[in-house]
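A.B. asks: Pasting a structure here, questions to come.
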Amino acid sequence: SRALKIAPSILSADFANFGAEIEAVEAQGADWIHVDVMDGHFVPNLTFGPPLCAGIRKHIGTVMDVHLMISPVDAYIEAYAAAGADILTAHVEAGPHSHRTLQAIRGAGCKAGVALNPGTPVEAVDYLLDMVDLVCVMTVNPGFGGQKFIHSQIDKVRRLRAMIGDRPIHIEIDGGVTPETAPLVRAAGADVLVAGSAVFKGGSVANPGPYGDNIRAIRTACDT
Ligand code: DX5
Ligand code: ZN
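All letters in the sequence shown, in the order written, are residues 4 to 227 by the UniProt record's numbering.
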């Protein structure tokens with residue numbers, strides 16, 4: 004479970020072409036597909052409801068990794084699970100009862116993830132680690148693609164890696180991942196790298212080659 008996985012965020016894809024975009028980026032080497040759900044309340048942007056997620060699910064051949072940036076979250080878990088999410092990640096800051104939220108996610112048949120905003124201490128997940136399959140360390144403030152990587156979070160990843168120990172829990176990095184920043188978080192212990200703008204830049208459904216080049220550039224940077 005420590006093998007490097009690249010999870011392109013469709014927030015940077017062509018919104019009029021999700022099916023074809025997802026198939027193209029998978030054919031170009033994506034390991035997981037990352038879906039950013041925003042509610043205009045927990046974060047200052049709006050994106051994908053459950054029916055849209057159910058629609059794109061048919062075009063995803065791999066893991067559908069759904070990042071819920073919504074508050075409250077519990078009332079929507081069943082709907083996103085029914086839409087076909089394999090992993091549902093909720094923010095610890097979305098409260099008020101993260102422990103209950105994570106129980107509900109597993110109860111709905113999904114793998115459970117918990118996400119941490121850049122300003123949240125890593126200790127916030129201390130008593131949740133035995134009920135999660137993934138911890139997402141946000142390396143930008145959530146809400147938008149194309150922001151600058153926050154370097155202070157590398158230390159958080161290192162501390163999280165030590166807290167997790169031998170437990171089979173993914174460490175996912177989300178925000179500002181590029182061939183320059185990826186090796187820093189990989190070395191600190193991350194195994195899943197979400198990347199939106201760095202994967203989709205320069206390519207399109209008609210010209211998907213750059214997606215593959217971009218994914219390989221991130222992987223290669225981590226190999227060294
Ligand atoms: C930000 C989202 C990210 C975003 C990453 O709120 O959670 O998944 O799409 O985009 P980049 O890789 O461009 O920072
Ligand atoms: Zn995300």
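Positions of the beta carbon are idealized from the N, C-alpha and C atoms, including for glycine. The model shown is predicted, which means the values in this text are computed figures rather than measured ones.
Give me, in chain order, the residues of the same chain whose beta-carbon lies closer than 8 Å to that of residue 149; leave out the 5 immediate sequence neighbours on both sides.
C.D. replies: Counting only Cβ-Cβ distances below 8 Å, and skipping sequence neighbours, we find 15, 199 and 200.
A.B. asks: Using alpha carbons as the reference points, say which of 88, 131 and 86 lies closest to residue 106.
C.D. replies: Selected option, being the one with the closest Cα: 131.
A.B. asks: Between the C-alpha atoms of residue 154 and residue 221, what's the straight-line distance to the nearest angstrom?
C.D. replies: Cα-Cα distance, rounded: 17 Å.
A.B. asks: Taking Cβ positions, are residue 8 and residue 34 nearer each other than 9 Å?
C.D. replies: In this structure, residue 34 lies closer than 9 Å to residue 8 by Cβ.
A.B. asks: Give a yes or no on whether the minimum CB-CB distance between residue 156 and chain B is below 9 Å.
C.D. replies: Among the protein chains of the structure shown there is no chain B, as only one such chain exists.
A.B. asks: Just the C-alpha distance for residue 195 and residue 223, rounded to the nearest angstrom, thanks.
C.D. replies: Roughly 15 Å between the two C-alpha positions.
A.B. asks: Would you report the Cα separation of residue 227 and residue 80, rounded to the nearest angstrom?
C.D. replies: Rounded to the nearest angstrom, the two C-alpha atoms are 39 Å apart.
A.B. asks: With DSSP as the reference, label residue 11 as helix, strand or coil.
C.D. replies: Reduced to three states, the DSSP call for residue 11 is strand.
A.B. asks: Considering just the uninterrupted stretch of the alpha helix (DSSP H) at residue 55, what are its terminal residues?
C.D. replies: Segment 53-60, the alpha helix (DSSP H) holding residue 55.
A.B. asks: According to DSSP, is residue 173 part of a helix, a strand, or is it coil?
C.D. replies: Three-state DSSP puts residue 173 in a strand.
A.B. asks: Considering residue 138, what are the terminal residues of the beta strand (DSSP E) in which it resides?
C.D. replies: Segment 137-141, the beta strand (DSSP E) holding residue 138.
A.B. asks: Sort 138, 189 and 46 by Cα distance to residue 75 and report the nearest one.
C.D. replies: Measuring from the Cα of residue 75, the nearest candidate turns out to be 46.
A.B. asks: Assign residue 171 to one of two classes, buried (16 or more other C-beta atoms within 10 Å of its C-beta) or exposed (fewer than that).
C.D. replies: Exposed, since its Cβ has fewer than 16 Cβ neighbours within 10 Å.
A.B. asks: Can residue 133 and residue 116 be called in contact, C-beta distance under 9 Å?
C.D. replies: Cβ atoms of residue 133 and residue 116: not closer than 9 Å.
A.B. asks: Spatial neighbours of residue 31 within its chain, please: CB distance less than 7 Å, with the 5 preceding and 5 following residues excluded, ordered by chain position.
C.D. replies: So the list reads 211, 214, 215 and 218, once near-sequence residues are dropped.
A.B. asks: Within the same chain, show all residues whose beta-carbon is closer than 8 Å to that of residue 25, passing over the 5 residues directly before and after it, in chain order.
C.D. replies: Only 13, 16, 36, 59, 62 and 63 meet the Cβ criterion.
A.B. asks: Does the beta carbon of residue 89 fall short of 8 Å from some heavy atom of the ligand ZN?
C.D. replies: No, the Cβ of residue 89 stays beyond 8 Å of every heavy atom of the ligand ZN.
A.B. asks: Who pairs with residue 49 in a beta bridge, going by DSSP?
C.D. replies: DSSP, once it has assigned bridges, lists 42 as partnering residue 49.
A.B. asks: Taking the straight line between their C-alpha atoms, what separation do you get for residue 42 and residue 142?
C.D. replies: Distance between the alpha carbons of residue 42 and residue 142 is about 20 Å.
A.B. asks: With distances taken between CB atoms, is the gap from residue 197 to residue 175 smaller than 9 Å?
C.D. replies: In contact: residue 197 and residue 175 (Cβ atoms closer than 9 Å).
A.B. asks: Given this structure, state the Cα-to-Cα distance separating residue 28 from residue 94, to the nearest angstrom.
C.D. replies: Approximately 26 Å between the Cα atoms of the pair.
A.B. asks: From what residue to what residue does the alpha helix (DSSP H) around residue 95 run?
C.D. replies: Here residue 95 belongs to no alpha helix (DSSP H), and DSSP marks it neither H nor E.
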